[in-house]
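Below is one structure, written out as structure tokens; the observations come after it.
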Amino acid sequence: MVIGVSTGGLQALQKLLGQLPADFPLPILIVQHMRPDVESGLAKLLDANCFLRVKEADEQDEILPGTVYLAPPNYHLLVEREGLLSLSADPYVSFARPSVDVLFESAAEVFGPDLIGVVLTGANFDGSLGLKTIKQKGGVAIVQDPADAEARQMPQAAIAATGVDYVVALDGMAALLQMLAPKRASMSHNIRGRNA
Amino acid sequence: MKSGGVDDVEIRLLLEGVQEIYGYDFRDYADASIKRRLTHWLAESEFDTFSQAQSLLLRDRSAFESLLRGITVNVTEMFRDPAFFRAVREQVVPFLKTYPFVKIWHAGCATGEEAYSMAILLNEEGMAGRYRMYATDINEAVLQKAAEGVMPITEMQRFTRNYQKSGGRVSFADYYTARYDRAILSPALKKDIVFAPHNLAVDGEFGEMNMVLCRNVMIYFKPALKERCLHLFDSSLLGGGVLCLGLKESLERRKMGERYEELAPPLRIYRKRYG
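So the sequence lines, in the order shown, correspond to chains D and V.
Just so we're aligned: the first sequence equals residues 1 to 196 in the numbering used here.
Just so we're aligned: the second sequence equals residues 197 to 471 in the numbering used here.
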């Protein structure tokens with residue numbers, strides 16, 4: 001599962017992750033826009049406030065269920081076919097690094113229909129192209145209800161870009177994810193098992 | 197995981213051909229990034245698919261070189277990660293100054309931003325004329341650009357901010373002349389830098405270095421090539437020499453890590469032990 005979020009992200013992520021159980025069966029990869037030169041304590045802060053393990057992504061981290069990986073400041077976060085994470089210092093995409101579009105597109109390539117993409121609050125357009133790719137590859141698209149978002153542009157852009165499966169307020173999102181996740185977890189597991 | 201679509205097959209075939217004909221092995225590059233770069237190149241090209249492009253790329257060297265430029269350009273900035281440059285200034289330079297002359301290898305220097313940053317820093321710390329920096333890259337087109345030392349003027353605001361945060365001692369504007377939309381770096385900065393081609397995948401070590409910098413280059417490589425690079429750097433460094441990696445690269449969980457101590461822990465500055 002992948003999440004893209006910008007302005008207002010700290011509160012949104014705390015709320016959403018705080019409502020997910022420790023045995024949530026999917027890995028969660030997150031791009032939260034932030035300034036490149038600020039030391040980010042975001043992973044530690046989120047980790048202390050939810051049941052899941054939250055860490056800043058390192059290159060070649062193995063993608064494990066029940067773990068949350070945050071894109072590091074000033075790097076794009078990508079998914080490799082082997083089920084590993086990779087980083088890139090390539091130019092800004094959609095005016096951002098890390099960029100939601102980069103994460104979503106590379107995750108869609110690897111996870112295809114097993115992927116759930118979530119766009120939360122944000123004051124820009126990053127993530128809409130990525131969410132479109134997720135849909136094209138057969139994945140599920142969830143967007144925070146713009147009326148519920150601190151900044152509505154990013155959810156609105158995502159809704160305009162593609163046929164979104166669910167538009168929900170943050171409060172209902174954890175329950176929705178718990179309903180959608182188990183099936184995808186077993187599918188990914190089977191496909192991975194075959195390749196391994 | 198899915199095994200990928202037609203694009204992936206086409207890319208695999210193209211990279212095999214490139215390896216056989218030109219000797220550049222991009223199969224050692226991390227797939228996700230190289231695919232993004234290739235796809236970007238394709239979108240800018242006249243072709244719709246990699247299969248269509250392949251015929252020309254494999255037969256026409258100049259077409260291949262445009263592809264090479266597209267997929268090997270690493271982007272950086274002057275004084276990227278100011279805290280890193282501050283640590284070099286405060287913790288590494290005093291040690292380098294104990295030598296009458298030092299040799300520095302900057303591997304994967306791209307368009308030279310970080311090499312020039314190092315030159316500024318070393319000169320400010322009184323080391324002008326006491327070092328030689330070998331700045332290398334696989335991509336000869338970017339090396340040429342690096343040697344010119346001309347940057348877009350629009351970048352200077354960001355570079356100035358970085359420079360100030362890194363502990364810079366003067367006004368950053370002293371280091372360049374503005375000409376229309378470009379900033380021409382002071383020729384004095386180039387005096388001690390040698391720009392040269394070097395392919396980390398096939399070429400050998402640079403002997404007897406006091407310092408090796410390779411930041412945010414290996415993140416694009418698969419584990420085997422990464423390992424090769426680290427080995428090259430290790431055998432290039434003298435005992436006591438300093439190895440600088442990108443902020444998200446480390447010697448943790450690596451065997452050669454035993455021979456290094458970390459000087460400034462979060463900043464990936466390592467010092468090779470003697471003996």
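From the three backbone atoms N, C-alpha and C, an ideal C-beta is built for every residue, glycine too.
Amino acids of chain V, ordered along the chain, whose beta-carbon sits closer than 8 Å to that of residue i
i, result
"P91(D)", "V271"
"L26(D)", "Simply none; closest approach about 14 Å."
"V140(D)", "Going along chain V, no residue has its Cβ under 8 Å from V140(D), so there is no contact; the nearest lies around 16 Å."
Sheet register partners of residue i (DSSP bridge)
i, result
"I116(D)", "V140(D)"
"L70(D)", "I30(D) and E56(D)"
"F417(V)", "Y225(V)"
"H76(D)", "S88(D)"
"I349(V)", "I349(V) pairs with nothing; no bridge assigned."
"T332(V)", "A303(V) and A392(V)"
"A96(D)", "V93(D)"
"V168(D)", "Q144(D)"
"E445(V)", "For E445(V), which the question treats as bridged, DSSP gives no partner whatsoever."
"Y359(V)", "Answer by DSSP bridge pairing: none, since Y359(V) is not bridged."
"E423(V)", "The partner list for E423(V) (beta bridge, DSSP) is empty, contrary to what the question assumes."
Boundaries of the alpha helix (DSSP H) in which residue i is found, first to last residue
i, result
"V338(V)", "E336 to E344"
"S405(V)", "It is worth fixing the name first, because residue 405(V) is Met in this sequence and not Ser. Not the alpha helix (DSSP H): M405(V) falls in the beta strand (DSSP E), residues M405 to C410."
"S40(D)", "Taken as a continuous stretch (DSSP letters only), S40(D) belongs to no alpha helix (DSSP H), as it is neither H nor E."
"V289(V)", "V289 to L292"
"G237(D)", "Shown here, chain D extends from 1 to 196; a query on residue 237(D) therefore has no answer."
"V102(D)", "V100 to F111"
"P278(V)", "P278 to A283"
"L317(V)", "E309 to E320"
"M274(V)", "Note, M274(V): premise wrong, no alpha helix (DSSP H); not H, not E."
"P155(D)", "Q153 to A161"
Under 7 Å by beta carbon: chain V residues contacting residue i
i, result
"L87(D)", "I415 and K444"
Run of the beta strand (DSSP E) containing residue i, from where it starts to where it stops
i, result
"I3(D)", "V2 to V5"
"P25(D)", "No beta strand (DSSP E) contains P25(D), which DSSP labels as neither H nor E."
"H394(V)", "No beta strand (DSSP E) contains H394(V), which DSSP labels as neither H nor E."
"E458(V)", "Y456 to A460"
"I465(V)", "I465 to K468"
"R378(V)", "R378 to L381"
"Y218(V)", "From DSSP, Y218(V) is part of no beta strand (DSSP E) but of the alpha helix (DSSP H) over V202 to Y218."
"Y372(V)", "Y372 to R375"
"G266(V)", "It is not in any beta strand (DSSP E) - G266(V) instead sits in the alpha helix (DSSP H) that spans R257 to T268."
"Y295(V)", "Premise fails: Y295(V) is in no beta strand (DSSP E) and is neither H nor E."
"L434(V)", "L433 to L441"
Partners in chain V for residue i, counting only beta-carbon separations shorter than 9 Å
i, result
"V79(D)", "A228"
Cβ of residue i within 8 Å of any chain C Cβ
i, result
"D58(D)", "This model lacks chain C altogether, as its protein chains are D and V."
Check your understanding: Okay, do the segment 66 to 77 of chain D and the segment 157 to 166 of chain D touch, 3+ Cβ pairs below 8 Å being the bar?
Key -> no
Check your understanding: Contact between the segment 418 to 426 of chain V and the segment 345 to 359 of chain V: three or more CB pairs below 8 Å?
Key -> no
Review point. If contact means a Cβ-Cβ distance below 8 Å, which residues of the segment 411 to 443 of chain V contact chain D?
Key: N412, I415, Y416, P419, G442 and L443
Practice item. Determine which residues of the segment 213 to 232 of chain V have a Cβ less than 8 Å from any Cβ of chain D, and write them out in chain order. Key: A226, D227, A228, S229, K231 and R232
Review point. Listed in chain order, which residues of the segment 61 to 74 of chain D have Cβ atoms closer than 7 Å to some Cβ of chain V?
Key: P72
Check your understanding: Do the segment 250 to 261 of chain V and the segment 424 to 438 of chain V make contact, defined as three or more Cβ pairs closer than 8 Å?
Key -> no
Exercise for review: Spell out a yes or no on whether the segment 361 to 377 of chain V and the segment 265 to 272 of chain V are touching, meaning 3 or more CB-CB pairs, one atom from each, closer than 8 Å.
Suggested key: no
Check your understanding: Of all the residues that make up the segment 106 to 136 of chain D, which are near chain V by a beta-carbon distance shorter than 8 Å?
Key -> S106, E109, V110, F111 and G112
Check your understanding: Would you say the segment 167 to 180 of chain D touches the segment 13 to 32 of chain D, given that touching needs at least three Cβ pairs under 8 Å?
Key -> yes
Exercise for review: For the segment 276 to 285 of chain V and the segment 446 to 454 of chain V, state whether three or more C-beta atom pairs, one from each stretch, are separated by less than 8 Å.
Suggested key: no
Review point. Does the segment 338 to 349 of chain V come within contact of the segment 404 to 414 of chain V, defined as at least 3 CB pairs closer than 8 Å?
Key: no
Practice item. Check whether the segment 69 to 89 of chain D touches the segment 224 to 241 of chain V, counting contact only when three or more Cβ pairs, one atom from each stretch, lie closer than 8 Å. Key: yes
Check your understanding: Would you call the segment 92 to 100 of chain D and the segment 135 to 147 of chain D in contact, with 3 or more CB pairs under 8 Å?
Key -> no
Review point. Do the segment 36 to 55 of chain D and the segment 14 to 21 of chain D meet, that is, are 3 or more Cβ pairs less than 8 Å apart?
Key: yes
**Study point:** Cβ contact check for the segment 319 to 327 of chain V and the segment 420 to 431 of chain V: 3 or more pairs under 8 Å
**Key:** no
Exercise for review: Indicate whether the contact test is met: 3 or more Cβ pairs, each with one atom in the segment 213 to 232 of chain V and one in the segment 104 to 120 of chain D, closer than 8 Å.
Suggested key: yes
Practice item. Check whether the segment 2 to 17 of chain D touches the segment 143 to 154 of chain D, taking contact to mean three or more Cβ pairs, one atom from each stretch, closer than 8 Å. Key: yes
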